[in-house]
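The sequence shown runs 3 to 519 under our numbering.
Note that beta-carbon positions come from the ideal geometry of N, C-alpha and C, so glycine has one too.
Here is the structure we will look at, set down as structure tokens.
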Amino acid sequence: MGWLDQVEDQVDALRRARSLQEASRSAEACALLDRVIRTTDDPYARADALVQRLSALINLGRTAEFTRAVEDASAAVRDLTEPYLHGHLNALAALAAHHQGALDRCVMHLVRAARALSADDTPDRDTAWGWHDLAMAYSYLSFHGHALGAIERAREVGLSVGIPEETFAAPGIRLRNAVALDHNGDSDGCLRVLRDVAGDLARFLRGGGAGNLRPSSLAAYGYAAARRAALGDRVESAGDADPNRLLGHGGDSARARDLRQLGQVCLAVAAGRPIEAVTRLDSLRVSDETLGAAEAPRLRSVALARAGDHAGAHRADRHAFRLAARRSDRLRDVYIDGIAARIDHEEMRREAARYEGEALTDPLTGLPNRRRLERYLGAVVSRGERVVIGVCDLDGFKAVNTRHGHHSGDLVLQRVAGVINRVMRRGDFVARYGGDEFVVVLPDTGTPEAVEVARRIEAAVRTEDWESLVPGTPVGVTIGFAEVDGSTTVSVREALGAAFELADREMLRAKARLRAS
């Protein structure tokens, strides 16, 4: 027996509201649900209508109404024992909390949603949509692995009750994963994911399943194609796969409107009109939550580079990288401020730790990532200790990807990680910062010792047998150092930010000296 079988009043109206939302007509759904809420005495019908109404408000981007809608839905669901209802409500509450910037509440709702949906032993069409919305919440919080797992669960449940595979294609999840890679310097990884997204769309079109794709999914496919084109990929510009045509879908979805605006910027770049792209960027207003605050400055960098303004492109690119890092800082602060203390159940604490682990490790090299690096540095500096930070940037890595492909590039990054680890001293800390940048942290170290560590790293990378791995493309490393003094009166974050900026500049100067020689 499915969830709606328990509802005795206005079931047809509730089903109609679901269909409207699936067709990206959330404003109509919201009006219909308001009538149900005003006129029903059935607690199950009221609870369902309030949960659906929250979903509609999120689709419409009516952020000011989120708090009241979550409170009303929670009050209606509280005394009902249906696992699906609690799971779907918490998945939607997580989305609402994320759009409001309340990441601690977002993570708690994620944990509760996953537990409730997993406990549903009679999955039906509604349970499938609950898993879908949970996947979306994971994706917006950058838990991409968990998002892919949840959308696969939605697809499995959906297929078991007759929902076509295409309905839960969820290209927006992989789109967010792709642009996050690009924001952190991995454009090749971004293109790989975007090409996979395009491959799925082509498969659905060939198989006649395009009619089962949701309008919001079509808009995401359009942006994925436009983004590829902006990065230099050849993209089909006719028929059902035309980016302009796809971007026109999405109905009244706030996210689809954002994708349309950003997509036009990408298409202007791809068409050789970079100045138009920059002008569009100057006037557009999109939510930072759709694709991250770093997306607009990253597109500005691409446009300026295409226009020949390489200095401006570099500034915009670094700004995008810093914004992406700031997002990581916010997530890190959730844990530092004690998310575990907000979740008193032991099993839920273990679930939260799983999300934290995914957020702190670089999956390619196994090294700590930027989040874990800054947590480590924060602890060291807060104790008043002095450390030296080294920013290591690979030389020749772009040529490796160009000549040998992304797989060889990944192998180079893995080997470099091993080489650096091998020559570091006991107690030193190594992390992958993003793209082809690594960071080393040397506690209680002065400039002479740092110079010696740099010499060892440069020599070890230079003498590695790159010829057997990537013939004809030698790999080197350039390192810039800066000191962080824990006794300073400024905040830890300000001290770290200043040191990273200085180390970055030193590294760029070292590259310039290398080219000059």
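If we ignore side chains and look at the alpha-carbon of each, how far apart do residue i and residue j end up?
i, j, result
"Asp339", "Asn61", "Confidence at Asp339 is low in this model, with a pLDDT of 49, below 50, so its placement is unreliable and the value that follows should be read with caution. So the two alpha carbons sit approximately 30 Å from each other."
"Asp2", "Ala118", "Nothing in the structure corresponds to residue 2, since the chain is present only between 3 and 519."
"Asp260", "Ala221", "10 Å"
"Thr129", "Val159", "7 Å"
"Ala121", "Leu215", "28 Å"
"Ser162", "Ala104", "35 Å"
"Pro370", "Asp43", "54 Å"
"Ala309", "Ser26", "37 Å"
"Ala180", "Pro45", "42 Å"
"His148", "Trp131", "16 Å"
"Glu2", "Arg282", "This structure cannot settle anything about residue 2, because the visible part of the chain is limited to 3 through 519."
"Glu24", "Gly368", "40 Å"
"Ala433", "Arg377", "12 Å"
"Pro166", "Val382", "52 Å"
Does DSSP put residue i in a helix, in a strand, or in coil?
i, result
"Arg80", "coil"
"Thr281", "helix"
"Ile165", "coil"
"Pro476", "coil"
"Leu143", "coil"
"Val393", "strand"
"Gly482", "strand"
"Ala296", "coil"
"Arg515", "helix"
"Gln263", "helix"
"Asp235", "coil"
"Thr521", "There is no way to answer for residue 521, as the model of the chain reaches only from 3 to 519."
"Val288", "coil"
"Asn214", "helix"
"Ala273", "coil"
"Thr129", "helix"
"Gln54", "helix"
"Asn246", "helix"
"Glu454", "helix"
Count the other CB atoms, across all protein chains shown, that sit within 10 Å of the CB of residue i; report buried if there are 16 or more and exposed otherwise.
i, result
"Arg40", "exposed"
"Glu454", "exposed"
"Arg257", "buried"
"Pro365", "exposed"
"Ala505", "buried"
"Glu496", "exposed"
"Ser28", "buried"
"His111", "buried"
"Arg372", "buried"
"Ile277", "exposed"
"Glu451", "exposed"
"Ala66", "exposed"
"Val38", "buried"
"Val304", "buried"
"Asp36", "exposed"
"Val284", "For the record, residue 284 in the displayed sequence is Asp; it is not Val. It counts as exposed."
"Arg70", "exposed"
"Glu297", "buried"
"His101", "buried"
"Ser520", "A question about residue 520 goes unanswered here, because the residues of the chain that appear run from 3 up to 519."
"Leu146", "Going by the sequence as given, residue 146 is His instead of Leu. His146 comes out buried."
"Thr475", "buried"
For residue i, which beta-bridge partners are listed by DSSP?
i, result
"Val432", "Val442"
"Asp487", "Arg388"
"Thr363", "Pro370"
Excluding five sequence neighbours on each side, which residues of the same chain lie with their C-beta closer than 7 Å to the C-beta of residue i?
i, result
"Cys268", "Ala228, Arg229, Ala231, Ala232, Leu301"
"Gly265", "Gly224, Tyr225, Ala228, Pro245, Leu249"
"Gln12", "Val38, Thr42, Ala47"
"Thr169", "Gly160, Asn214, Arg216"
"Asp235", "Leu193"
"Ala318", "Pro299, Arg302, Ser303, Leu306"
Spatial neighbours of residue i within its chain, please: CB distance less than 8 Å, with the 5 preceding and 5 following residues excluded, ordered by chain position.
i, result
"Leu34", "Ala15, Arg18, Ala19, Leu22"
"Asp202", "Ala171, Pro173"
"Glu30", "Leu22"
"Ala204", "Ala243"
"Asp50", "Trp5, Leu6, Val9, Leu16, Leu87"
Taking only beta-carbon atoms, is residue i less than 7 Å away from chain E?
i, result
"Asp135", "You won't find chain E in this structure, because it holds only one protein chain."
Quick one: residues in its chain with C-beta nearer than 6 Å to the C-beta of residue i, no 5 flanking neighbours on either side, listed in chain order?
i, result
"Val199", "Pro173, Arg176, Ala226"
"Leu59", "Glu67, Ala71"
"Asp254", "Ser28, Ala29"
"Gly191", "Leu183"
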